[in-house]
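Asker: Before I ask anything, let me first share the structure, which is written out below as structure tokens.
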Amino acid sequence: MRKHLGRIKKFHRKYSWIKMVKYWRRFPRSKKYRKKLKKTIAYFRKRGIMPDDVLTRKGKPKLCNLRLKRKGKIVFIDYANFKRK
Numbered sequence: 013m014r015k016h017l018g019r020i021k022k023f024h025r026k027y028s029w030i031k032m033v034k035y036w037r038r039f040p041r042s043k044k045y046r047k048k049l050k051k052t053i054a055y056f057r058k059r060g061i062m063p064d065d066v067l068t069r070k071g072k073p074k075l076c077n078l079r080l081k082r083k084g085k086i087v088f089i090d091y092a093n094f095k096r097k
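For the sequence shown, my numbering begins at 13 and goes up steadily by one.
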């Protein structure tokens with residue numbers, strides 16, 4: 013599951029901030045990647061984690077919270093709203 017979460021470079025507990033790795037490849041709007049995203053969300057849900065703030069109310073991907081790694085793997089860059097069952 014970690015391979016789908018954005019990597020954290022630095023963090024500070026006292027001031028509660030984090031600095032993450034910059035991912036440049038934007039999430040494409042193709043059907044292929046929408047299917048991959050649905051599979052990834054199902055993967056998280058099976059393990060008891062509810063990914064919130066990834067899809068809009070209409071079921072479309074929120075492009076500002078998704079990126080791709082170099083090999084085309086989906087990365088969630090804003091996973092603060094993920095909840096455990």
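Using N, Cα and C, we set each Cβ at its ideal position, and we do this for glycine too.
Please read all numbers here as calculations on a predicted model, not as lab measurements.
Using alpha carbons as the reference points, say which of LYS95, CYS76 and LYS47 lies closest to TRP36.
Answerer: CYS76
Asker: Can you tell me where the beta strand (DSSP E) holding PHE88 begins and where it ends?
Answerer: 86-88
Asker: Within the continuous beta strand (DSSP E) that includes ARG79, where are the two ends?
Answerer: 78-80
Asker: Less than 8 Å between C-beta atoms, sequence neighbours within five positions excluded: which residues of the same chain meet that for ASP64?
Answerer: ASN93, PHE94 and LYS95
Asker: My output table needs one value for LYS47: the three-state DSSP class, helix, strand or coil.
Answerer: DSSP, reduced to helix, strand and coil, places LYS47 within a helical segment of the structure shown.
Asker: Exposed or buried, what is PHE23 when buried is set at 16 or more other beta-carbons lying within 10 Å of its beta-carbon?
Answerer: exposed
Asker: Could you pull out every residue in the same chain whose Cβ sits closer than 7 Å to the Cβ of ARG59, ignoring the five residues on either side in sequence?
Answerer: Excluding sequence positions up to five before and after ARG59, its CB lies within less than 7 Å of the CB of MET13, all in the same chain and listed in chain order.
Asker: How would you call ILE30, buried or exposed, if buried means at least 16 neighbouring beta carbons within 10 angstroms?
Answerer: exposed
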